[in-house]
Amino acid sequence: MPQAQRKQPTKAWSVVAAVTGAMLVVAAAPGRAHDADTTREPGSGPREAAVTLLVGRALDEGGRTGAAGLCAVHTFRPGLCTGWREQRVRATARGSGAVLREPALGDAARAARAVALPTDPDAPLEIALADRGRLTDVTVSDAHGRQLAGELGPDGGNWQNTEPLRAGETYTVQVGAQDAAGTPVGVTMAFRTAPPAADGGRLTAEFGPRPGTYGAGEIVTADLSHPVPADDPLARARVEQALQVTSEPRVEGAWHWVDDSTLHYRPRTYWPAHTVVRVRSGLDGVEVGERGYGGPSDGIEFTVADRIEAVTDSAAHQMTVRRNGRIIRTIPVTTGKAGFRTRSGVKVVLRKEPKVRMRGDTVGIKRGTSEFYDLPVLYATRVTWSGEYIHAAPWSVDAQGEENVSHGCTGMSTENAAWFFETVREGDIVEVVNSGGEKMAPFANGFGDWNMDWRSWLAGSALASADAHPHTSPPTPSRLHPTT
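Basically the numbering used here = 1-based index in the sequence shown + 6.
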């Protein structure tokens, strides 16, 4: 609203809204728009549909801590609350626009001051009504089209963000409201936030896997450039909320903190065949606790092929391979013998190696002992980083389908190994049952993530619970539907 409407300068200002924690105060001057309507000339026509919005925000200009004590009480004191700004913006039926900048400056000075004193991204943003009426919807979007989460008050009198603003970002605010007569009005505004500190230590994420086509058990990974410890749950929640995984078709999934700088994402069950998965980071500009701000990260996209599952029953000495639920081959195998039992549980194909030299001393078997081996092995499909493979074992063909004689790998004929090697891809599912071996670890030796039940998986998320998975739900604008 123009400054000319701030009449009666000696009258005390009344507080319309104060944000908890003294982060922001929104105040209204006397002389509201609907009171001024009583001074219209008779016959001048109906009043234009409009409401006056009060937009409160803290500017990143220093002195905010001292100002908070003065502004957190029930009187707004211009000249003392130097860290706070309140703009009066008029929403009309035509939806006129406004830019939130320092109101006391001229146009040229405003443009320069907007850069020098941008909005503090750590402080709340609040929109309230100075006139009778109600807010009906508020949408705040950044320059990339990402919507900022927020909520309207129960009576539509105010709106406040519920997730932090991003540093160094330009926001567009679209507000819909109704005046006292129920006429729809609106306004579009814009503002900028302060840039993050230029300390070179911004938090970024490197995602895996590489772009390509993978099996239904593929795990999404995020390696952070700096650790985020478990004793800072708010920072972890902000990081997790910013790491966005979407898929077509949509599935239920969640992140799990493997350690302070590593996260894994998986669906509740295996990826459906032919799913397209996209992973993006929204960390850029997000304040992450004492670790400063997030920086830009490259996203990835990959697709899921047919669902291949290979289940080995060590007691039956047989592997059953299915494609999309249908058996396509049954293979006689041999697995780990006593003292070298094959790990049980679900594993994921890590990579395929046409030829590998396998030596016993790499798994703790001393040279010169009866168990030592040193062999060239063909068609080796790796399922653990410590050296468990599914591979050709022509020396044990007589035992395959009959007994377990290996040192932990799954052996089969050269023909079957070649077929398996050509059939599977990274991310395909390999499960071993009835081996008597130790359980495949979830994270230490490949992708054993699927051995963790869903409740335990969610326990490793800073956001997800058994009933809510915000990772898979895009933010939506706050909205109250107008009454008719």
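Idealized CB from N, CA, C, for every residue including glycine. All of these numbers come straight from a predicted model, not from anything done at the bench.
Rounded to whole angstroms, how far is the Cβ of Val181 from the Cβ of Gly192, which I believe are closer than 8 Å? 6 Å
Would a C-beta distance cut-off of 8 Å place Gly162 and Arg140 closer than the cut-off? yes
Whole-Å CB distance - Val355 paired with Thr387, under 8 Å assumed: 6 Å
For a minimum of 3 consecutive residues, which ranges assigned as the beta strand (DSSP E) are wholly contained in the stretch 330-388? 332-338, 351-354, 357-365, 380-388
Under 8 Å between the Cβ atoms of Asp290 and Arg172? yes
Could you name the residues that DSSP lists as bridge partners for Glu147? As written in the sequence, residue 147 is Ser, which differs from the Glu given in the question. In the DSSP output, where bridge partners are listed per residue, Ser147 has Gln153, Thr178.
Pull up the distance between the alpha-carbon of Gly452 and that of Ser462, whole angstroms please. 18 Å
For Ala344, does the count of other Cβ atoms within 10 angstroms reach 16, so buried, or fall short, so exposed? exposed
C-beta contact flag for Ile314 and Arg329 at 8 Å: yes
Could you tell me which residues DSSP pairs with Gly139 in its beta bridges? Asp185
So Trp263 is in the beta strand (DSSP E); what residue range does that whole segment cover? 259-265
Considering only their Cβ atoms, is the gap separating Arg198 from Thr125 smaller than 8 Å? yes
Helix, strand or coil at Gly214 according to DSSP, with G and I counted as helix: strand
Looking at the secondary structure, which residues open and close the beta strand (DSSP E) in which Ala465 lies? That residue, Ala465, is in no beta strand (DSSP E); its alpha helix (DSSP H) goes 460-465.
Could you check what DSSP says for Asn164 in three-state terms: helix, strand or coil? strand
For His397, write down the residues that DSSP places opposite it in a beta bridge. Gly417
Within 10 angstroms of its Cβ, does Ala236 collect 16 or more other Cβ (buried), or is it exposed? exposed
Please report the distance separating the alpha-carbon of Val226 from that of Pro278. 15 Å
Inspect the beta-carbon positions of Gly301 and Thr210 and report whether they are closer than 8 Å. yes
Confirm, please, whether the CB-CB distance from Leu131 to Asn167 is below 8 Å. yes
For the stretch 273-308, which segments carrying the beta strand (DSSP E) assignment without a break, of at least 3 residues, lie completely within its bounds, in sequence order? 282-287
Is DSSP giving Arg244 helix, strand or coil here? helix
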